[in-house]
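K.L.:
Those letters in the sequence shown? Residues 1 to 466, by the UniProt record's numbering.
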Amino acid sequence: MNFLNVDIPVKNVPELDKGFVPLGLFFKNYQKGAAKPLCIAVERSGGQIGTYETKIYGTPEMEQADAYYVDRLVKFLLWSWGGFKVSICGDDNVAAAIRAAYSEGGSRAFDKGFMEQVYETEFIVESLPYDKKPEAVQRAESIGRHLDGGRIGFDAGGSDRKVSAVLDGEPIYSEEVVWFPKTISNPDYHFEGIMAALSTAAAKILEKGGHVDAIGVSSAGVYIDNKCMVASLFLKVGKDEFDKKVKNIYTRAAEQLSSQLGYHIPVVVANDGDVSALAGAMGLGENGIMGIAMGTSEAVGYVDTEGNICGWLNELAFAPVDGQPDAMEDEWSGDIGCGVKYFSQDGVIKLAPRAGIELTGASPAEKLKEVQALMAADDARAKAVYESIGVYLGHTLGLYAMFYDIRHVQMMGRVMSGKGGDIIMETASRVMDEEYPDVAFRPEAPDEKTRRVGQSAAAASLPELK
Numbered sequence: 001m002n003f004l005n006v007d008i009p010v011k012n013v014p015e016l017d018k019g020f021v022p023l024g025l026f027f028k029n030y031q032k033g034a035a036k037p038l039c040i041a042v043e044r045s046g047g048q049i050g051t052y053e054t055k056i057y058g059t060p061e062m063e064q065a066d067a068y069y070v071d072r073l074v075k076f077l078l079w080s081w082g083g084f085k086v087s088i089c090g091d092d093n094v095a096a097a098i099r100a101a102y103s104e105g106g107s108r109a110f111d112k113g114f115m116e117q118v119y120e121t122e123f124i125v126e127s128l129p130y131d132k133k134p135e136a137v138q139r140a141e142s143i144g145r146h147l148d149g150g151r152i153g154f155d156a157g158g159s160d161r162k163v164s165a166v167l168d169g170e171p172i173y174s175e176e177v178v179w180f181p182k183t184i185s186n187p188d189y190h191f192e193g194i195m196a197a198l199s200t201a202a203a204k205i206l207e208k209g210g211h212v213d214a215i216g217v218s219s220a221g222v223y224i225d226n227k228c229m230v231a232s233l234f235l236k237v238g239k240d241e242f243d244k245k246v247k248n249i250y251t252r253a254a255e256q257l258s259s260q261l262g263y264h265i266p267v268v269v270a271n272d273g274d275v276s277a278l279a280g281a282m283g284l285g286e287n288g289i290m291g292i293a294m295g296t297s298e299a300v301g302y303v304d305t306e307g308n309i310c311g312w313l314n315e316l317a318f319a320p321v322d323g324q325p326d327a328m329e330d331e332w333s334g335d336i337g338c339g340v341k342y343f344s345q346d347g348v349i350k351l352a353p354r355a356g357i358e359l360t361g362a363s364p365a366e367k368l369k370e371v372q373a374l375m376a377a378d379d380a381r382a383k384a385v386y387e388s389i390g391v392y393l394g395h396t397l398g399l400y401a402m403f404y405d406i407r408h409v410q411m412m413g414r415v416m417s418g419k420g421g422d423i424i425m426e427t428a429s430r431v432m433d434e435e436y437p438d439v440a441f442r443p444e445a446p447d448e449k450t451r452r453v454g455q456s457a458a459a460a461s462l463p464e465l466k
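1. In the structure shown, what three-state DSSP assignment does Pro134 receive?
2. Just the Cα atoms here: how many angstroms apart are Gly105 and Lys112?
3. Please classify Asn314: does DSSP put it in a helix, a strand, or coil?
4. From Ile8 to Ser429, what does the alpha carbon distance come to, in whole angstroms?
5. Buried or exposed: where does Tyr263 fall if 16 or more other Cβ atoms within 10 Å of its Cβ makes it buried?
6. Less than 8 Å between the CB atoms is what I'm expecting for Ala201 and Ile249, so what's the real figure, rounded?
7. Starting from Arg151 and walking both ways along the beta strand (DSSP E), at which residues does that stretch end?
8. Between Ser199 and Glu116, what straight-line distance do the alpha-carbon atoms span, to the nearest angstrom?
9. Output the distance between the C-alpha atoms of Glu361 and Leu16, rounded to the nearest integer angstrom.
10. Ignore the nearest five residues each way along the sequence and tell me which others in Phe318's own chain have a CB closer than 6 Å to its CB.
11. Within the continuous alpha helix (DSSP H) that includes Thr200, where are the two ends?
12. Does the segment 407-424 come close enough to the segment 276-296 that 3 or more CB-CB pairs lie under 8 Å?
13. I'd like the ranges of any beta strand (DSSP E) spanning at least 3 consecutive residues and lying wholly in the segment 291-341.
14. Cβ of Cys310 within 9 Å of Cβ of Ala165?
15. Might you give, ordered along the chain, the residues of its own chain that have their beta carbon closer than 6 Å to the beta carbon of Gln64, omitting 5 neighbours on each side?
16. Hey, out of Ala352, Ile224, Ala220 and Cys228, whose CA is closest to Ala299's CA?
17. Given a cut-off of 9 Å on the beta-carbon distance, is the pair Glu135 and Lys85 in contact?
18. Between which two residues does the beta strand (DSSP E) holding Ser164 run?
19. Keeping to the same chain, check which residues put their C-beta closer than 6 Å to that of Pro187; ignore five residues upstream and five downstream.
20. Once DSSP output is grouped into helix, strand and coil, what is the label at Gly356?
21. Check whether the Cβ atoms of Val267 and Ala254 sit closer than 9 Å, and answer yes or no.
22. Here's the rule I'm using: 16 or more other beta-carbon atoms within 10 Å means buried, otherwise exposed. How should Val391 be labelled?
23. Which complete beta strand (DSSP E) runs does the segment 74-143 hold, if anything under 3 residues is left out?
24. Does Asp225 come out as helix, strand or coil in the three-state DSSP assignment?
25. Here's the rule: buried if 16 or more other CB atoms are within 10 angstroms of the residue's CB, otherwise exposed. What is Leu397?
26. On a CA-only basis, which of Met375, Met416, Leu393 and Ala376 is nearest Val431? Give me that one, please.
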């Protein structure tokens, strides 16, 4: 395969998506002839700066490849690390192209606006000489694993909410309640649901003679200092109501429970992807864990090799994985080739018609169930869908390994359930054996201990008691 004057030897191509261009293999093979040093620095909150060292060609014949390579690299770094300032160090022309993309009306205007909303500051792209590149500043912090006292763990999902009451590390109560946060515009609905869950768990702790010492929350979205900056859970809530009632929704809930019980209860809120990775780390007793949940979207979390979270976004649903020019567009961001259309129910729904499956369900969840039912009956068309997703995954885990120090990847979510999930992991492992033999890990399912820890129980371990 030749892509933008870069020869990419690909052994494994998805049966149902022959045009797929694995971005990891493009990055790897592009680098073989590049000689001009370039550093990309991304600054985020707290003065933290991530730096990525690479090389470009800087020649007229490779101008298009250079621009594409840096565009995709900046996009990946932003959705992995998060940030409001990008410094392109070593090439003014490339910097100008990135600045134009991340401007009002530019091709990455959505990304610019998203990062401005998260960090509440203007998004900037600057050009610097290579020898003036910023120094990296990272402050990872320990997350969870605190088991002492009476704890409430709350897990806010898009279709159900879970809560656990935990006493000295032992779950004494768990419940799962269906709710509809993504379709409700009144934030009081969300707050009342959260309070109902917290109150139920608190009552169970008190019944056992315990004391409610802490609340830990696992929630989809971006959270900084326990504040909700952006979250699809509150998709229908207007901006004014969001700022007034959603941004501090979990701290308000903790304050209300504190008021009811007559003493202060600390709360810690973390992204659900990071908490899923924490649950995996607690179950395995190891670190360097990436958790990937394939459901409504692609949710990713990461616990580093020291057992810490890095304060990164890890919103890899919106990071690019496919270079083909006619890749499917994500309706939200307007970009193409991003993970959400490959590692979610959208990926299944995209591929099913190509396999000859006519879907009749009204909702995406119903369409996924149709394919899962066919797979349970060993339908060859459904198998082709899951094998193609497995090829996507194998190549993409090779890409992720370029940016994360990974020892284990745990695959979760409704797309991974049943026979289809087994096929995805088997296919991905084979692709990695053949295309990325230097990458040590292979995708795995959570073991029984990890499942017992559970997301809401892991969330309960987030706060450290002072």
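A virtual CB, placed ideally from N, CA and C, is assigned to each residue, including glycine.
P.N.:
Quick look at the numbers:
1. coil
2. 10 Å
3. coil
4. 20 Å
5. exposed
6. Going by Cβ atoms, the distance from Ala201 to Ile249 rounds to 17 Å, so no, they are not a contact pair.
7. Gly150 to Ala156
8. 35 Å
9. The amino acid at residue 361 is misidentified as Glu; the sequence shows Gly. Cα to Cα, the separation comes out at about 21 Å.
10. Trp79, Ser333 and Cys338
11. Pro187 to Glu207
12. yes
13. 298-303
14. no
15. Leu4
16. Ala220
17. no
18. Asp160 to Leu167
19. Val237, Glu241, Lys245 and Val246
20. coil
21. yes
22. buried
23. 85-89 and 124-128
24. coil
25. buried
26. Leu393
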